[in-house]
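Below you'll find the structure, written out as structure tokens, and then a few comments.
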Amino acid sequence: MKTKNSLILKISEADASMISITGGKGANLGELAQTGFPVPEGFCITTAAWDLFLRGIPEKPDFTGEENHIRELSSRYRHILREAPFPVEVSQALEAVLQETGLDEYYAVRSSATAEDLPGFSFAG
Numbered sequence: 018m019k020t021k022n023s024l025i026l027k028i029s030e031a032d033a034s035m036i037s038i039t040g041g042k043g044a045n046l047g048e049l050a051q052t053g054f055p056v057p058e059g060f061c062i063t064t065a066a067w068d069l070f071l072r073g074i075p076e077k078p079d080f081t082g083e084e085n086h087i088r089e090l091s092s093r094y095r096h097i098l099r100e101a102p103f104p105v106e107v108s109q110a111l112e113a114v115l116q117e118t119g120l121d122e123y124y125a126v127r128s129s130a131t132a133e134d135l136p137g138f139s140f141a142g
């Protein structure tokens with residue numbers, strides 16, 4: 018069954034052309050699933066969901082100025098992200114796919130940046 022929006026993409030729907038929205042792991046797992054390898058059912062929360070989340074952040078960090086120290090900036094940015102409202106559209110899309118795949122199941126969570134696992138680069142996220 019196809020997912021209903023661009024916020025969530027089932028692994029079985031992903032392919033190598035979707036690295037920019039699923040990350041390398043999601044795209045590669047999709048390729049494996051489509052060629053018949055036994056890939057567990059799963060889904061990717063796409064970059065469209067991340068973009069929607071970022072648009073809802075009321076306070077954007079300022080990365081300029083003399084206080085541009087990585088530890089301080091990282092701390093401020095973590096705080097901003099933790100306090101940011103989670104988009105209702107992403108919650109609804111996630112809830113729909115979890116209803117379909119099973120709320121009582123166990124899930125492994127993998128992160129994948131869209132710049133990971135590219136043909137010329139491979140590194141941990």
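Convert by adding 17 to the 1-based position in the sequence shown; the result is the number in our numbering. Cβ atoms here follow ideal geometry from the backbone N, Cα and C, with glycine treated the same way. In this text, all values refer to a predicted model and were calculated from it rather than measured experimentally.
Residue span of the beta strand (DSSP E) that contains residue 54, given as start and end: Numbered from its first residue, the sequence shown carries residue 54 at position 37. Per DSSP, residue 54 lies in no beta strand (DSSP E) and is assigned neither H nor E.
What does the Cβ neighbour count give for residue 114, buried or exposed, with the cut at 16 atoms within 10 Å? To locate residue 114, count along the sequence shown from 1; it is residue 97. That one is buried.
Considering only the beta carbon of each residue, do residue 52 and residue 26 sit closer than 8 angstroms? On the sequence shown, position 35 is the one that residue 52 refers to. On the sequence shown, position 9 is the one that residue 26 refers to. No. Outside cutoff.
Does the segment 93 to 110 come into contact with the segment 65 to 79, if we say contact requires no fewer than three beta-carbon pairs (one atom in each stretch) closer than 8 angstroms? Judged by pairs of C-beta atoms under 8 angstroms, the segment 93 to 110 touches the segment 65 to 79, as three or more such pairs exist.
To which residues of the same chain is residue 48 closer than 7 angstroms at the C-beta, ignoring the five residues directly before and after it? Numbered from its first residue, the sequence shown carries residue 48 at position 31. Result list for residue 48: 32, 33, in chain order.
Can you list, in chain order, the residues of its chain with a C-beta nearer than 6 angstroms to that of residue 18? Leave out the 5 residues immediately preceding and following it. Taking the sequence shown and counting its residues from 1, the one referred to as residue 18 is at position 1. Any reading at residue 18 is ruled out, since the residue's pLDDT is 42, under 50, leaving its predicted position unreliable.
Length of the line joining the Cα atoms of residue 23 and residue 120: Residue mapping note: residue 23 aligns to position 6 of the sequence shown, counting from 1. Residue mapping note: residue 120 aligns to position 103 of the sequence shown, counting from 1. In a straight line, the C-alpha of residue 23 is about 21 angstroms away from that of residue 120.
Pop quiz: residue 29 and residue 44 are said to be a contact at Cβ under 8 angstroms. What is the actual Cβ separation, rounded to whole angstroms? Taking the sequence shown and counting its residues from 1, the one referred to as residue 29 is at position 12. Taking the sequence shown and counting its residues from 1, the one referred to as residue 44 is at position 27. Actually they do not touch by this definition, with Cβ atoms about 12 angstroms apart.
Helix, strand or coil at residue 154 [DSSP, three-state]: Residue numbering for the chain in the displayed model covers 18 to 142; residue 154 lies beyond these limits and cannot be assessed.
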